[in-house]
Each structure stands twice: as structure tokens, then as C-alpha cells.
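Structure first, commentary second.
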Amino acid sequence: MTEPEKIEKGSVRLFTSGTDHTLVPEDGYSRFSYPKLIKLMKFDVRRYRINGFGNMMTMRTKGPFGMRLLTMSFMPFEGNSVPYLLTDIMEVGKKRLIFVEYYDCTSERSEQPLLKRVCEKYSGVPDYEEKPTWYIGERTGYSMIKSLEADSKVSLSEIAADSIRAYKKSAFSAGKSGENLAGLMKFRERMINEGNPSSDILKKVFGEKGAADFFKKCVMPEK
Numbered sequence: 017m018t019e020p021e022k023i024e025k026g027s028v029r030l031f032t033s034g035t036d037h038t039l040v041p042e043d044g045y046s047r048f049s050y051p052k053l054i055k056l057m058k059f060d061v062r063r064y065r066i067n068g069f070g071n072m073m074t075m076r077t078k079g080p081f082g083m084r085l086l087t088m089s090f091m092p093f094e095g096n097s098v099p100y101l102l103t104d105i106m107e108v109g110k111k112r113l114i115f116v117e118y119y120d121c122t123s124e125r126s127e128q129p130l131l132k133r134v135c136e137k138y139s140g141v142p143d144y145e146e147k148p149t150w151y152i153g154e155r156t157g158y159s160m161i162k163s164l165e166a167d168s169k170v171s172l173s174e175i176a177a178d179s180i181r182a183y184k185k186s187a188f189s190a191g192k193s194g195e196n197l198a199g200l201m202k203f204r205e206r207m208i209n210e211g212n213p214s215s216d217i218l219k220k221v222f223g224e225k226g227a228a229d230f231f232k233k234c235v236m237p238e239k
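The numbering used here runs 16 ahead of the 1-based position in the sequence shown.
So, in C-alpha cells, the structure goes:
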């Protein structure tokens, strides 16, 4: 089992433990591949409805040359006063990357000390240099975009677990507001219209309308 696969199991267990949650039944978005005939990339999507929070999605991607990618989306559609969390964890060859992206769409823009503490803990891990894109400027300062060396004393699993543990505690102790959902919907439209990390491949698989539907139903659902 690869580290991204282990992280998926551990993250789902960690975030859903002690909650009233259900696994969304499989549908046409649960398993797909690209291209359809050669199947160079295979995708496995799971969604969880979590009472008191909203939706958690995991998407495992298997690609050529041993590439393994885990995307997790934490959508607080019940209006919790926490940022939207999007994570990407990738292994390919010796490269190991983890993106812990917080997008604060709340009306209050509160401090989030627990999330900041995790960011400070891993400040010594080298940052990964990204190509410029619009959503980088929308992230909070305590987001983490990290590249782990082969001899790193820190693991992808550690960073992921600490981040999700802090996010869960923050989310379930936060207040709620309908204005927060409105902010999330505005950001979702920007992610669809202005582009997001999965835009290109999703459009190739589902077409433009299908890619937008996937984002609305799986990545950032509103109910």
C-alpha cells in the first residue's frame, strides 16, 4: 500500500471518528479513467456526508511512472466558521509533495490558532515552488505547500494527520453562519470558471459541463 493510500484511510478514520456520517452511494463519478481505452490515469472517488460539518471527498489518482495522488476536499456546507480545506498529496519517483490549502470564505475571518500552530510546526520543511495561478493569492498564510526530501525526518502522513486533526477540532468547535455558505458558493464559482488544479483533466474526462457538475456534486457540494 502506498503512503497516499494509507493517508486516505487514516484521514477518513480521523475526520469521521465520533461523528454521525454516511458514505455517499457510488454513481457515475465514483470511478473513471483517462483516456477511456488506454486508461493511463485511473480515479477512485469517495464522498462522506458528516452531520455538524458538511462533506468530505477523497479522490485517489493512479498515473503513469508510478504516480500516486490523493486529493481530499473538506467542504463545511453547514456554515461552520472555518476555511475550506483542500489537500493534495503526491508521490512519483523520489518526489513527495503535500499541499494543505486553506481558503477562508467566512464572513468573520477569525484567527484559527490551531491551524497556524501546525503550519509553524512544519515551517522548517522546504516549500515547493508552484507555477503562478490566481488561487494561490486566495490561500491563507497558514497554508502549507511542502516538498519532502528522501532523507526527510518528517513524513507526509505526519503533516496530513496533524493538519486534519487541527482542522476537525476547529471545525466542530466553531460557530455557524449562513453567510459562510454564501462565501463558499462564490469561491466555488471562481474555481469552476477561473480554473482549479483538476480543471484540465476533468474537462477531458467529462466535458466542460460535466466537469462543473463533478465539482459541484463531489468537490464542493452545498448539501
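Ideal placement from N, C-alpha and C gives every residue a C-beta, glycine not left out.
Since the model is a prediction, treat every value here as computed from it, not as a measurement.
Closest by C-alpha distance to E124, out of R204, V134, K192, is K192. Cα atoms of C121 and K162: separation of roughly 23 Å, rounded to the nearest angstrom. By the CB criterion at 8 Å, R76 and M106 fall outside the cutoff. In the DSSP assignment, K192 forms a beta bridge with N96.
Residue pairing from DSSP places Y118 in a beta bridge opposite L101. Cβ neighbours of T38 within its own chain (closer than 6 Å, five residues either side excluded): R65.
The residues A177, I180, R181, K184, in chain order, have a CB closer than 8 Å to that of L30 in the same chain once the five nearest residues on each side in sequence are set aside. A distance below 7 Å between beta-carbons, with the five flanking residues on each side excluded, links K220 to the following residues of its chain, in chain order: Y50. The residue among K55, E94, S89 with its C-alpha nearest the C-alpha of A198 is E94.
In the displayed model, G82 falls within a helix according to three-state DSSP. Residue environment for R47: exposed (fewer than 16 other C-beta atoms within 10 angstroms of its C-beta). The distance from the Cβ of N67 to that of T35 is about 7 Å, consistent with a contact at the 8 Å cut-off.
The closest CA to that of E154, considering only G194, R204, S171, is found on R204. In the DSSP assignment, S27 falls outside any beta strand (DSSP E) and within the unbroken alpha helix (DSSP H) covering 19–32.
Taking 8 Å as the cut-off, the beta carbon of A187 is found no closer than this to the beta carbon of P41. Under the 10 Å beta carbon count, I23 is surrounded by 16 or more other beta carbons and is classified as buried. In the structure shown, the three-state DSSP call for N67 is coil.
Within 10 angstroms of the beta-carbon of P148 lie fewer than 16 other beta-carbons, which makes it exposed. Rounded to whole angstroms, the separation of the alpha carbons of E127 and S189 is 14 Å. DSSP, reduced to helix, strand and coil, places I217 within a helical segment of the structure shown. Residue state for R206 is assigned as helix, using DSSP reduced to three classes. If you check the CB distance, E19 and S173 come in under 8 Å.
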